[in-house]
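Under the working numbering, the first residue of the sequence shown is numbered 11, with each subsequent residue one higher. Where a beta carbon is used, it is the ideal one built from N, C-alpha and C, also for glycine. Here the structure comes first, spelled out in structure tokens, and everything after it is commentary.
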Amino acid sequence: MPHITAIVPAFNEELSIGSVVIGANKFVDQIIVVDDGSTDYTAEIAKKAGAEVIQHSQNMGKGAALKTGFNSIPNTDIVVTIDGDGQHNTQEIPLLIKPIEDGDADMVNGSRYLDRKPNGTPIYRRLGQTVLDKTTNINSGLKITDSQSGFRAFATYTIPSFKFNKTDFSIESEMLMDAAGDFKIVEVQVGVSYNSNNNGGIHTKNPLSHGLSVFVKLLQDMEFRRPLYYFTVPGLILIITGLALGLMFFGRYLDGQMTTLMPTIIAGMIGLGGIFTAFTGIILHSVSGMIQQSMGK
Numbered sequence: 011m012p013h014i015t016a017i018v019p020a021f022n023e024e025l026s027i028g029s030v031v032i033g034a035n036k037f038v039d040q041i042i043v044v045d046d047g048s049t050d051y052t053a054e055i056a057k058k059a060g061a062e063v064i065q066h067s068q069n070m071g072k073g074a075a076l077k078t079g080f081n082s083i084p085n086t087d088i089v090v091t092i093d094g095d096g097q098h099n100t101q102e103i104p105l106l107i108k109p110i111e112d113g114d115a116d117m118v119n120g121s122r123y124l125d126r127k128p129n130g131t132p133i134y135r136r137l138g139q140t141v142l143d144k145t146t147n148i149n150s151g152l153k154i155t156d157s158q159s160g161f162r163a164f165a166t167y168t169i170p171s172f173k174f175n176k177t178d179f180s181i182e183s184e185m186l187m188d189a190a191g192d193f194k195i196v197e198v199q200v201g202v203s204y205n206s207n208n209n210g211g212i213h214t215k216n217p218l219s220h221g222l223s224v225f226v227k228l229l230q231d232m233e234f235r236r237p238l239y240y241f242t243v244p245g246l247i248l249i250i251t252g253l254a255l256g257l258m259f260f261g262r263y264l265d266g267q268m269t270t271l272m273p274t275i276i277a278g279m280i281g282l283g284g285i286f287t288a289f290t291g292i293i294l295h296s297v298s299g300m301i302q303q304s305m306g307k
């Protein structure tokens, strides 16, 4: 039987952390709760429930909590991550670890949307998550249906691939992008509960500001991981726009409908900017390819 360790990042989850630890303890050999600077009794309750607790002196973000957890695990075969706010069903842990045990996956993503059935997710939240899913998939080349899931399983040999550069909730997308190409990632359908009565976890964070912050981080990643999308595609759009406007304005000038070439010049400048942007993407794409080739990827 493989040795399984669960990592639970938690911030002010005193109302739910105990049940999460007790529930997960039925399916794993060890539970590590990373208390990310909580100001309530999260750490104390987690210890009494049977978890090993590592405490941050201040709130550093989910990404930092996961990094601490991954860096602290002993010899183990499979790592499961689960949020401390009670939204995940600990009874589904075996669903996550089975593909790894069977040799069918290196990383398993618990998806709330794989079956595309309604699961109680608020519409505004799902719309934002869809945008993040699409952006993550462009960056990684994956086809993930729930890029923001915190319910995952990892074979331990995948851990060195994770950079943990992100300290906030964008860590979920970053881990997918880090693993893409090197490991087989599969998804399994999991449930979710948004009725947790916690008073400090992810649900208290404004979904709009949360989604926008993650989206901005993903765009920043796209600049380096997918320069053709970030630079070349917008550049081509600018070239086409500049060319179309330039021809239209110049035609109007020749017909006497306009008395100045200034609009035509501005359109030409838009087209030139597009050429510069497009070539920037092509050059960065070539450099990225050479770097990856030199790294053996």
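In the DSSP assignment, what are the bridge partners of residue i?
i, result
"G94", "Paired residue(s): none; G94 is not in a bridge."
"S121", "Q199"
"R162", "T91, N119"
"V38", "According to DSSP, V38 bridges with nothing at all."
"I64", "V44"
Hey, residue i and residue j: beta-carbon distance below 8 Å or not?
i, j, result
"I14", "T78", "no"
"T242", "I285", "no"
"E197", "T145", "no"
"E24", "I41", "no"
"I110", "A165", "yes"
"I88", "A163", "yes"
"V18", "A59", "no"
"D34", "D45", "According to the sequence provided, residue 34 is Ala. The question's Asp does not apply to it. Taking 8 Å as the Cβ cut-off, A34 and D45 do not qualify as a contacting pair."
"S159", "N119", "yes"
If you count every other CB in all the chains shown that lies within 10 Å of the CB of residue i, and 16 or more means buried, which is it?
i, result
"S157", "buried"
"F179", "buried"
"K72", "buried"
"N207", "At N207 the pLDDT is 47, less than 50, meaning the model places this residue with poor confidence; the figure from the coordinates comes in the next sentence. When all chains shown are included, N207 counts as exposed."
"L257", "exposed"
"M117", "buried"
"L152", "buried"
"I249", "buried"
"T168", "buried"
"T274", "buried"
"R126", "exposed"
For the beta strand (DSSP E) that contains residue i, what are its first and last residues?
i, result
"R126", "No beta strand (DSSP E) holds R126; DSSP gives it neither H nor E."
"T15", "14–20"
Using a Cβ-Cβ cut-off of 8 Å, state whether residue i counts as contacting chain D.
i, result
"L105", "Looking at the structure shown, chain D is missing, and only one protein chain is on hand."
Give me the Cβ distance between residue i and residue j, rounded to the nearest whole Å; I'm assuming they're in contact under 8 Å.
i, j, result
"T52", "A20", "5 Å"
"E102", "G201", "7 Å"
"M185", "F172", "6 Å"
"G281", "G252", "3 Å"
List the endpoints of the continuous alpha helix (DSSP H) containing residue i.
i, result
"I107", "103–111"
"T242", "Note, T242: premise wrong, no alpha helix (DSSP H); not H, not E."
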